[in-house]
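Numbering (this note's numbering), first residue to last: 1 to 248. By construction, the Cβ of each residue, glycine as well, lies at the ideal position given by its N, Cα and C atoms. As the structure is a prediction and not an experimental result, all values here were calculated from the model. A short worksheet on the structure shown next.
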Ligand code: TMP
């Protein structure tokens, strides 16, 4: 693509400008990090898989009325997106207890939550992405009350759609992280990615607590077979999208 300039390099993606100021190009990398980049590695083929899975899910969510930053994919690991100002909050939605929720509360892994839990973390690697209270969130002045209400509503709606979608792929959506951005009209768009890097996904055809893991926890916890788990997620997501397209 012409006139590109590196705007920002994150842990899993590089963002480039394009000749259109309203459009950015995201390149998904195979690099993998965990524990705020204390653990580093590569997951072969991850860039293409995460880009392809995110694109499929963004398109599908758009069709259900969720505005996203997605435009198209010029290559399998590149996504053109609408330029947005990212709101520096990582919105985590949890359906089942896992990860930091278990570490910080003592809840047993696998406990089904009575209703989805929505949490807000400050997107700041230097501070280790701390969990925020609502008062801290407003103290930092990074979002208005009205925007937070809108984001929570969007996150819960996305959760309902994704839970149904993954269930039809024989996958349980345990939890996931979303990021939102504001476009030039101040409209809130779903941004970043939705992929095995940013979701916990458990295979419903497996009962073993390690064998069922289909997401970045395989890398975080050294469970092995990381690539094949990511490939399996991609195959099931694409098959489900194809089926949904066929049925009109
Ligand atoms: P956690 O249990 O470690 O807080 O993670 C909750 C969810 O958020 C899980 O699906 C993984 C995702 N996540 C990210 O996408 N990026 C991150 O930096 C972290 C810590 C979690």
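At least one heavy atom of ligand 1 falls within 7 Å of the beta-carbon of residue 199. About 7 Å separates the CB atoms of residue 172 and residue 166; that is less than 8 Å, so the two are in contact.
One thing to note: residue 130 has its Cβ within 8 Å of the Cβ of residue 121.
Look at residue 98: its beta carbon is less than 7 Å from one of the heavy atoms in ligand 1. CA-to-CA, the gap between residue 124 and residue 88 works out to about 8 Å. Residue 213 sits in a strand when the DSSP states are folded into three classes. In this structure, ligand 1 has a non-hydrogen atom nearer than 7 Å to the beta-carbon of residue 101.
Ranking 236, 188, 198, 174 by CA distance to the CA of residue 102 puts 174 first. At a threshold of 7 Å, residue 176 counts as near ligand 1, since its beta carbon sits closer than that to one of the ligand's heavy atoms.
Contact between residue 96 and residue 106 is absent: CB atoms are separated by about 15 Å, not below the 8 Å threshold.
Counting the other Cβ atoms within 10 Å of the Cβ of residue 226 gives 16 or more, which makes it buried.
Excluding its 5 nearest sequence neighbours in each direction, residue 168 has C-beta neighbours in its own chain below 7 Å: 240, listed in chain order.
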